[in-house]
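For the record, in the sequence shown the residue sitting at position 15 is 54 according to my numbering, with numbers rising by one throughout.
For reference, the structure is listed below as structure tokens.
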Amino acid sequence: MTMNPSTRRVNQRHDVQLPVELVSGNTSRPAVIQNMSVGGLYFHCDYPVERQELFALIFSIPTLDVPIRVEVVVRWTEKVGEGTNGVGVQFLGLKAREVWAITKFFTSISSTL
């Protein structure tokens with residue numbers, strides 16, 4: 040039996056809708072972030088992604104003046120609809136400045152709710 044990923048999380052997830060680029064080799068493909076934490080994120084895409092796959096993600100948040108590029112590993116995947124996949128990834132080495140900016144971003148979106 041596999042545990043639901045939400046029961047294994049260490050960091051609180053925040054619902055967001057942000058564009059993200061998945062970069063693997065010379066290929067870049069779009070996706071949409073559904074939720075994220077300082078430890079990883081969950082996105083939807085219309086192409087297959089495998090568990091344990093490694094690639095980079097590039098995305099922007101309002102609290103940082105440059106895009107974040109971070110290496111990730113796929114921890115889990117699911118089908119969420121016809122032709123749509125949900126993918127949960129773990130960050131592999133965010134910089135301190137990026138962690139600070141993500142935390143500040145979460146604070147800003149929490150205060151608007």
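All residues carry an ideal CB built from backbone N, CA and C; glycine is no exception.
Beta-ladder partner(s) of residue i, from DSSP
i: residue 115; result: 127
i: residue 107; result: 98
i: residue 81; result: 74, 127
i: residue 120; result: 123
Assigned exposure category for residue i - 16 Cβ within 10 Å defines buried
i: residue 117; result: exposed
i: residue 41; result: Unreliable placement is indicated for residue 41, whose pLDDT of 48 sits below 50; no coordinate value is reported for it.
i: residue 137; result: buried
i: residue 150; result: exposed
i: residue 51; result: exposed
Delimiting residues of the alpha helix (DSSP H) encompassing residue i
i: residue 138; result: 135-150
Member of the options whose CA lies at the smallest distance from the CA of residue i
i: residue 107; options: 82, 63, 92, 59; result: 59
i: residue 124; options: 64, 82, 132; result: 82
i: residue 84; options: 132, 68, 146; result: 68
Residue range of the unbroken beta strand (DSSP E) whose run includes residue i
i: residue 67; result: 66-75
i: residue 54; result: 53-63
Open item on the list: With three or more beta-carbon pairs closer than 8 Å as the criterion, would you say the region 139-152 touches the region 110-123?
Closed with: no
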